[in-house]
Every structure is written in C-alpha cells, then in structure tokens.
Amino acid sequence: MGLRVCQLCAVDFTLKHFLLPLIDGMQNHGWEVTAVCSDGPEIPGLRARGYTVDTIPISRSLNVFRHAVSVVRLAAYFRQQRFDILHVHTPVAALVARMAAFLARVPVVVYTAHGFYFHDEMPSWKRRLFVSLERFAGRFTNLLFTQSAEDAETAVQEGISPAGDTLAIGNGVDAGRFDPSVIGAGGEMRRALGIPEEAFVIGIIARQVIEKGIMEFLEAAIAAAGKNQEIHILMVGERLASDHAGDVEAELERAGAALGKRLVATGARKDIPELLAAMDVFCLPSWREGMPRTIIEAMMMGKAVIATDIRGSREEVVPGETGLLVPTRSPEALAEAFLALAGDRQKVVSMGLKGRERALALYDEAQVVALQIRRIEQLLNKEHVTA
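So, in structure tokens, the structure goes:
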C-alpha cells in the first residue's frame with residue numbers, strides 16, 4: 181500500500197472544482213488519498229465517482245468557538261486515520277487543520293496557498309493580523325506551495341515559510357478539455373443563450389461576491405454598453421451558501437434594467453469551455469487571487485483577457501500582448517478597457533492567439549501536478565517517511 185494522504189479544504193465546491201486533478205495524480209502515483217471537507221451537495225456525486233470523501237464541519241467564518249470545535253474533531257480524526265501526509269487548502273481550513281495536525285502528530289504537513297487572504301489594500305492592522313496567523317501556522321508546516329511566484333516571495337519575506345521549504349508551483353488546466361479546435365467558435369452557444377452572432381461578448385466566470393470585482397464589472401458593463409451597442413455581457417457563476425461577502429443583488433438588478441437582453445446570467449454551469457468559446461473577451465476584476473484558473477482557461481480557449489493588476493493575474497496576463505491589466509476597484513478603467521477592445525476586434529483575436537500559446541507553454545495541469553508530487557517525495561526522503 182502506498183502513502184496515505186489527506187487532501188483537506190473547507191467546502192465541497194473547492195474539492196470538486198480545484199483538487200480532483202491533484203487527487204487523481206497522487207492516486208495514479210500509487211498513493212491512497214482521502215479528501216476531507218464540510219458536507220455539501222457535491223459529496224454524493226464525488227463518492228459515486230469513486231473518490232473517498234469524509235466530512236467534518238469547517239466553518240469559513242471567523243467564529244473562534246467553531247474553529248476550536250473543528251480543531252478538536254480534526255485532531256481526533258487524524259489520530260484515527262494515521263495519515264502520512266496532510267495537504268491543506270484554503271486559508272481558514274488550512275489554519276484549523278494544521279493546528280489539529282500538530283496535536284495529532286501528523287508526520288508531514290503541506291499547505292497550498294491558493295492566494296493569501298491578506299493583501300496590500302487591506303487596513304494595515306488587518307493585514308498584520310492575517311500575516312501573523314499565517315506565520316503562526318507556518319510553524320506546523322513542512323512545505324508551502326504557492327501558485328504565484330509573488331506569493332512565494334511574500335511568504336519568505338514575511339517569515340511565513342523558509343525559502344527552502346517554499347515553492348511556487350503555478351496553476352494549470354486540462355489542455356485537452358480547453359481546446360478551441362475541438363470546442364468550435366461558439367456560435368451554437370450564442371444561439372442557445374440568445375446572443376447575436378455579431379455581438380461583442382465580454383464574459384466573466386466567478387462567484388458572485390464583492391471581492392471578485394462583480395460590482396465594478398457590472399458598473400463598467402453598464403457604462404461601456406451605453407456607448408457601444410454591440411457589447412453584450414455574459415456572466416457565469418453563483419454565490420455559495422457559505423459566502424459571506426456583501427450583497428450584489430441590487431447591482432445585478434440595476435444592470436439587468438440597464439442592459440436588458442444584452443446581459444445574460446447563466447448561474448453555475450459545467451460547460452465552461454463552450455461558454456468561453458462564446459466570449460470575445462474574458463474579464464476577472466478580482467481584488468485578490470492566487471493564480472486564477474479561470475484566466476488560464478480563457479487563455480487556453482484563445483481569449484483576450486482583462487484582469488486587475490494583482491498578484492497572480494499579472495503573472496498570467498502580458499499587458500498589450502495577451503490582454504489588459506487595470507487597477508483594482510476601478511469601474512472607470514474597466515469600462516475604458518471594454519471599449520478599447522470592443523473597438524479593435526483584430527487586436528482581440530491576436531491577443532487570444534498569443535494567450536493560448538502562453539497557456540500551452542506555462543499552464544499545463546499535468547506538469548503542475550507532477551511538480552507537486554516530485555517535491556513532496558523529496559521532502560519525504562528528507563524526513564525519512566516511508567510507506
């Protein structure tokens with residue numbers, strides 16, 4: 181029997197949409213993998229597909245009492261399961277689980293920071309608090325993966341993790357699934373959604389929460405579409421029950437009233453490659469990210485990208501070559517970017533082609549998974565952990 185690995189995150193959404201390729205890669209490598217997260221609607225389907233999933237409540241709030249309960253439950257679970265490796269994801273779950281792993285004496289703990297919760301636009305006291313929490317949890321961590329090189333540098337500079345135990349792994353997607361030569365030009369999807377063939381479609385795929393820049397996106401869409409009647413907006417995504425960001429419903433209603441049929445909101449969808457094919461430009465105006473997968477998916481599908489100038493996104497997008505970068509929380513800058521690209525469709529096509537070339541060269545999912553497995557094996561050899 182191979183090494184026993186626990187992949188842990190807060191919610192089933194993260195498990196289903198972000199961790200399965202890593203779990204598959206580890207299992208194909210001969211390791212036995214159990215996933216742990218809070219219960220949710222995706223769990224039965226994951227189990228039916230053959231994944232081993234255990235559920236333990238992990239709150240995403242800042243309720244200290246709930247977290248203390250989670251620490252106790254997780255520590256007992258880890259003692260019972262006797263994992264060789266705990267691999268944690270998402271900020272709150274990672275903090276709670278690493279404390280539990282310390283109490284349960286889990287031999288090796290790996291943390292993937294998909295994007296540190298703290299960022300430079302936070303109030304300084306709040307940033308210091310979250311840095312301190314990451315630094316504290318770092319004491320119980322053998323290996324830190326970050327998706328962006330900038331986060332890796334920050335982790336070392338802030339004393340969260342030593343340089344030798346920190347590695348930027350990037351991010352990746354399935355190049356075979358996101359292949360425009362297979363998916364097609366998107367005309368069929370446009371017809372299904374009621375979007376005219378000649379429309380200039382600006383799309384977003386994201387949870388509908390404030391920190392994803394949804395408010396700025398909608399405000400920019402209203403402004404830009406008011407000046408260019410060819411602009412249509414395609415929104416894909418929903419809000420999770422556990423999301424606790426402010427309400428965006430009022431802004432969605434305002435945008436719907438202003439844009440009418442030129443705004444299409446699909447909710448959560450599984451046919452992401454086909455939806456991307458229907459877009460001319462993909463936009464992600466987040467306030468913070470790790471190494472956003474949706475941008476890579478859009479680049480793989482040959483789409484120009486408009487993103488905010490934040491860590492992760494600015495590593496993926498080459499301004500003027502594969503897309504545009506704009507300041508965070510600036511609907512005015514977003515609207516200008518929308519209008520600039522809508523007015524130069526030839527440039528949009530060129531950006532998309534260069535973006536696909538870049539994605540194929542840098543963001544292949546299989547390479548990212550293999551890199552993690554190799555680095556963990558190096559750590560195991562160093563720590564003398566054997567199967």
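Number 519 in our numbering belongs to position 339 of the sequence shown; there are no gaps in the numbering.
C-beta: ideal position from N, C-alpha, C; glycine also.
On a predicted model such as this, the values are computed, not experimentally measured, just so you know.
Whole-angstrom C-beta distance between residue j and residue i, which should lie under 8 Å
i, j, result
"residue 332", "residue 495", "So it is not a contact: roughly 11 Å between Cβ atoms."
"residue 320", "residue 279", "7 Å"
"residue 299", "residue 467", "7 Å"
"residue 211", "residue 185", "5 Å"
"residue 507", "residue 399", "Contact flag wrong, Cβ pair sits at about 14 Å."
"residue 274", "residue 291", "5 Å"
"residue 435", "residue 385", "With a Cβ gap of about 17 Å, residue 435 and residue 385 do not count as contacting."
"residue 267", "residue 327", "Incorrect: roughly 14 Å between the Cβ atoms, too far for contact."
"residue 222", "residue 264", "Their Cβ separation, rounded to whole angstroms, is 26 Å, which puts residue 222 and residue 264 out of contact at 8 Å."
"residue 449", "residue 412", "Not confirmed; about 17 Å, so no contact."
"residue 219", "residue 194", "Not quite, the Cβ-Cβ distance comes to about 14 Å (not below 8 Å), so this is no contact."
Closest Cα partner of residue i within the set the options
i, options, result
"residue 537", "404, 509, 482 and 184", "482"
"residue 492", "473, 323, 478 and 479", "473"
"residue 462", "434, 518, 552 and 468", "518"
"residue 439", "285, 427, 406 and 418", "406"
"residue 459", "293, 525 and 436", "525"
"residue 476", "284, 532, 562 and 557", "532"
"residue 552", "314, 262 and 323", "323"
"residue 216", "240, 509 and 189", "189"
"residue 417", "394, 557 and 369", "394"
"residue 269", "304, 203, 411 and 514", "203"
"residue 338", "516, 192 and 315", "315"
"residue 297", "317, 283, 271 and 312", "271"
"residue 397", "454, 376, 378 and 431", "431"
"residue 388", "361, 412, 428 and 364", "428"
"residue 414", "434, 374 and 437", "374"
"residue 457", "289, 302 and 357", "357"
"residue 557", "276, 289, 327 and 479", "289"
"residue 209", "182, 522, 340 and 419", "182"
"residue 277", "550, 205 and 318", "318"
"residue 451", "192, 191 and 197", "197"
"residue 302", "509, 559, 498 and 365", "509"
"residue 545", "194, 247, 205 and 486", "205"
"residue 363", "192, 390, 243 and 453", "453"
"residue 522", "248, 200 and 408", "408"
"residue 464", "485, 444, 455 and 447", "485"
"residue 490", "334, 470 and 242", "470"
"residue 381", "563, 528 and 437", "528"
"residue 514", "237, 404 and 366", "404"
"residue 497", "213, 543 and 560", "543"
First and last residue of the uninterrupted alpha helix (DSSP H) at residue i
i, result
"residue 474", "473-480"
"residue 331", "329-337"
"residue 371", "367-373"
"residue 203", "200-208"
"residue 428", "Taken as a continuous stretch (DSSP letters only), residue 428 belongs to no alpha helix (DSSP H), as it is neither H nor E."
"residue 360", "360-363"
"residue 225", "223-228"
"residue 452", "452-457"
"residue 511", "511-522"
Residues that DSSP places opposite residue i in a beta bridge
i, result
"residue 396", "According to DSSP, residue 396 bridges with nothing at all."
"residue 291", "268 and 324"
"residue 415", "384 and 445"
"residue 462", "383 and 485"
"residue 499", "503"
"residue 191", "Answer is none; residue 191 lacks a bridge partner."
"residue 544", "353"
"residue 184", "212"
Range of the contiguous beta strand (DSSP E) that encloses residue i
i, result
"residue 384", "380-385"
"residue 354", "Looking at the DSSP string, residue 354 is not in any beta strand (DSSP E), and its letter there is neither H nor E."
"residue 503", "503-506"
"residue 486", "484-488"
"residue 260", "Note, residue 260: premise wrong, no beta strand (DSSP E); alpha helix (DSSP H) at 244-261."
"residue 214", "212-217"
"residue 409", "Run containing residue 409: none; DSSP gives neither H nor E here."
"residue 343", "Taken as a continuous stretch (DSSP letters only), residue 343 belongs to no beta strand (DSSP E), as it is neither H nor E."
"residue 315", "Counting along the chain, residue 315 falls outside any beta strand (DSSP E), though it belongs to the alpha helix (DSSP H) covering 304-318."
"residue 234", "233-235"
Indicate whether the contact test is met: 3 or more Cβ pairs, each with one atom in the segment 527-547 and one in the segment 500-507, closer than 8 Å.
yes
Would you say the segment 223-230 touches the segment 251-260, given that touching needs at least three Cβ pairs under 8 Å?
no
Sufficient close CB pairs (3 or more, under 8 Å) joining the segment 348-355 to the segment 368-386:
no
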